[in-house]
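Student: Protein chains in written order, with my numbering: chain G, 2 to 88; chain S, 16 to 146.
Note that beta-carbon positions come from the ideal geometry of N, C-alpha and C, so glycine has one too.
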Amino acid sequence: MDALATPELAAIVADKVIDARGAACPGPLLDAKKSMAAVPVGGVIELWSTDTVTKSDAAAWATKVGHGFLGYAEADGYDRVFVRRGK
Amino acid sequence: MTTPISIVLFSGTDDKLHAAATLVAGASAMGRPVNLLLQFWAVDAFRSDRIGQPRGLATDAGASAAEARAALPWAETFRMAKELGEVQVRACSASLDFLGIPVTDLDAVVDGACGVAAFFADAEEGPITFI
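1) Please identify, using Cβ separations under 8 angstroms, the residues of the stretch 28–45 of chain S that lie next to chain G, in order along the chain.
2) Between the stretch 55–62 of chain S and the stretch 69–85 of chain G, do at least 3 Cβ pairs fall closer than 8 angstroms?
3) Measuring only the C-alpha atoms, how far is residue 28(G) from residue 44(S)?
4) For residue 58(G), does the count of other Cβ atoms within 10 angstroms reach 16, so buried, or fall short, so exposed?
5) Relative to the C-alpha of residue 153(S), which residue among 48(S), 62(S), 32(S), 35(S) is closest?
6) Does any CB atom of chain S fall closer than 8 angstroms to the CB of residue 49(G)?
7) Could you tell me if residue 93(S) is buried or exposed, where buried requires 16 or more neighbouring beta carbons within 10 angstroms of its beta carbon?
8) Taking 8 angstroms as the threshold (beta carbon to beta carbon), is residue 72(S) in contact with chain G?
9) Report yes or no: is there a C-beta of chain S within less than 8 angstroms of the C-beta of residue 66(G)?
10) Give the secondary structure of residue 141(S) by DSSP, where H, G and I count as helix, E and B as strand, and everything else as coil.
11) By the 10 Å Cβ neighbour count, where 16 or more other Cβ atoms means buried, how is residue 63(S) classified, buried or exposed?
12) Less than 8 angstroms between the beta carbons of residue 84(G) and residue 63(G), yes or no?
13) Would a C-beta distance cut-off of 8 angstroms place residue 30(G) and residue 55(G) closer than the cut-off?
14) Near residue 127(S), which residues of its chain fall below 8 angstroms by C-beta distance, leaving aside the five closest residues on each side in sequence?
15) Kindly indicate which residue of 74(S), 30(S), 34(S), 39(S) has the alpha-carbon position closest to the one of residue 124(S).
16) Per DSSP, residue 91(S) is paired with what?
17) Can you tell me the Cβ-Cβ gap for residue 142(S) and residue 26(S), rounded? I've got them flagged as a contact below 8 angstroms.
18) Can you tell me whether DSSP reads residue 39(S) as helix, strand or coil?
19) So, residue 146(S) versus residue 76(S), is the Cβ gap smaller than 8 angstroms?
20) Which residue wins for smallest C-alpha separation from residue 28(S), given the options 130(S), 103(S), 90(S)?
21) I'd like to check one pair, residue 17(G) with residue 39(G): are the Cβ atoms closer than 8 angstroms?
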């Protein structure tokens, strides 16, 4: 799945927002994985992280396990990372 | 079936326990089965009455690093990794004997005790890392 441009990301209403700001690797990724179970297939999680590698880790994880990495948007001091549940 | 990642965790200081927990959690999140063997000081670190208490840093940590992070939540990372993926944690039976620790004294994150042959059998042809 191709990553979306920022305006498209801004239009996404996530099924679940996870605030993992302040957590170090791999905390945000584990939070994302845990939360994914709570959204339906096709649903989107929005992961907030101050860890700058979360966006690349989330992309690697999503690709590996069959989810869709939609992209990320920079917010005030953190990243908003969007992943669609694929299975 | 995916080949597991096997880790022999020998060290009992917070930095190395934390590094191991990070790798285990990452592999688990990526869908890789993890086969973890605790030996010696790592076995002691997983005693249910001691897990989570500060254990200090390795001797190769510089003085400036010593107080850099007060708490490394490695125990919680192991628990979460196990909750989210296929993670097998076993204590080396010889280490338990050597240290005089009954396996029942270990935290619930530890599945039990095993010998090295069982560990290698479960490692299959996958990589084995020693920490």
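Tutor: Short version:
1) 37, 40, 41, 44, 45
2) no
3) 11 angstroms
4) buried
5) Outside the modelled stretch of chain S, which goes from 16 to 146, sits residue 153(S), for which no answer is possible.
6) no
7) Buried.
8) no
9) yes
10) coil
11) It counts as exposed.
12) yes
13) Cβ distance < 8 angstroms, so residue 30(G) and residue 55(G) count as in contact.
14) 105, 106, 118
15) 39(S)
16) Residue pairing of residue 91(S) in beta bridges, as defined by DSSP: absent, with no partner found.
17) With a Cβ gap of about 18 angstroms, residue 142(S) and residue 26(S) do not count as contacting.
18) helix
19) no
20) Ranking the options by Cα distance to residue 28(S), first place goes to 90(S).
21) yes
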